[in-house]
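Inspection log for the structure reproduced underneath, given as structure tokens.
In the UniProt record's numbering, the protein residues as written are 1 to 393.
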């Protein structure tokens, strides 16, 4: 058995222990809170056209989240999860990729889909689980996906996408194609076993995958300091022998720069990269959550001043690429478009009940058909409970 992996470290003759204080992980930051670049900062590859597309995606993302929370509170939508305060992570990450790259999302990465051009109609159809939904209404809200845009459908169980991303990236490597896979997850998901399995396999098999961790401070209601010891999860990448970087996740230029470099490295070396983006979840975990039970208004107010959208807006203005008139017009336009789309999507019928047993077997089994008949009988018996379905089959 080869022992080469043990030959690189220094040899000592007295017991020498190391801990978390032995290695300090720096955090990449390019923009200050006023949108001013730091002296000697290494800027990403970005021009006015790309910057404008990124900002439009950020603005639309913010409007979508705010409007959909309002729709849920009005009883028009069953459930929603925002990415308020974290928009730069998904949008900036997507902007650093190529269209052929696969995106595997968790449940706060609608920004990546938005950047890639996912249609507002398709967003709404998924949220309302209507007959126009690409997933045929089989997923709860926020579980988007698009084969056309190389965005894998969101899965509810935490961290399952991590080993899947490793496998997909390994397949890309075997095919010799110019593409990587990016896998988004939160620091809470990094406590799952699939995180360790996925990173270890990627390191050993040298898969071109970018692991992108949004460290937003909370796993639902559990703060980071109660999840793990230390100030983040970046050190775990180092432990698995993976090239790792920590960045300011509210700095869109830092996110873009790190992702661009990570992609270039993954393509050239056919090896994984771990990005830890330090951010903060300004919103609740979901519309079923009340964060006032586990954090203070003072804490939230502190992070409001680190708003990634405001920071990029200031940078655009400093570049003479944006102004307040454009700002007002853009947000008003998106509010009108989202509200109009809600009014359309909520009136579309639900998928036909027969689709409950399709897409699994070529010919549904007798057992499945019997179960469907039982469901239909139940719906017809209680039509008032199923206004979108009763009498339509």
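Just so you know, even glycine gets a beta-carbon here, dropped at the ideal spot from N, CA and C.
- Given a length threshold of 4 residues, each whole run of the alpha helix (DSSP H) inside the stretch 57 to 105 is given here in chain order: 87 to 95.
- The alpha-carbon separation between residue 169 and residue 180 amounts to approximately 6 Å.
- At least 9 Å separates the beta-carbon of residue 163 from that of residue 208.
- Taken through DSSP and simplified to helix, strand or coil, residue 181 comes out as strand.
- Considering only 196, 347, 122, 127, the residue with the shortest C-alpha distance to residue 238 is 196.
- Where residue 311 is concerned, there is no enclosing beta strand (DSSP E), although the alpha helix (DSSP H) around it starts and stops at 308 to 318.
- Judged by DSSP in its simplified three-state form, residue 282 adopts coil rather than helix or strand.
- In the displayed model, residue 27 falls within a strand according to three-state DSSP.
- Under the criterion of beta carbons closer than 8 Å, residue 149 and residue 117 qualify as touching, at roughly 7 Å.
- A distance below 6 Å between beta-carbons, with the five flanking residues on each side excluded, links residue 291 to the following residues of its chain, in chain order: 284.
- Counting only runs of 3 or more residues that sit fully inside the stretch 192 to 244, the beta strand (DSSP E) segments are 209 to 215, in chain order.
- Going by C-alpha positions, residue 80 is about 10 Å away from residue 143.
- When DSSP states are grouped into helix, strand and coil, residue 246 belongs to the strand group.
- In this structure, residue 255 sits away from residue 242, with a CB-CB distance that is not shorter than 9 Å.
- Between residue 342 and residue 67, the C-beta gap is smaller than 9 Å, which places the two residues in contact.
- Between residue 372 and residue 361, the CB-CB gap reaches or exceeds 9 Å.
- Residue 147 is positioned such that its CB atom lies no closer than 9 Å to that of residue 132.
- Judged by their CB atoms, residue 275 and residue 262 are nearer to each other than the 9 Å cut-off.
- DSSP, read as helix, strand or coil, puts residue 152 in strand.
- Looking at 57, 99, 78, the one whose alpha-carbon comes closest to that of residue 86 is 57.
- In the DSSP assignment, residue 274 forms a beta bridge with 211, 244.
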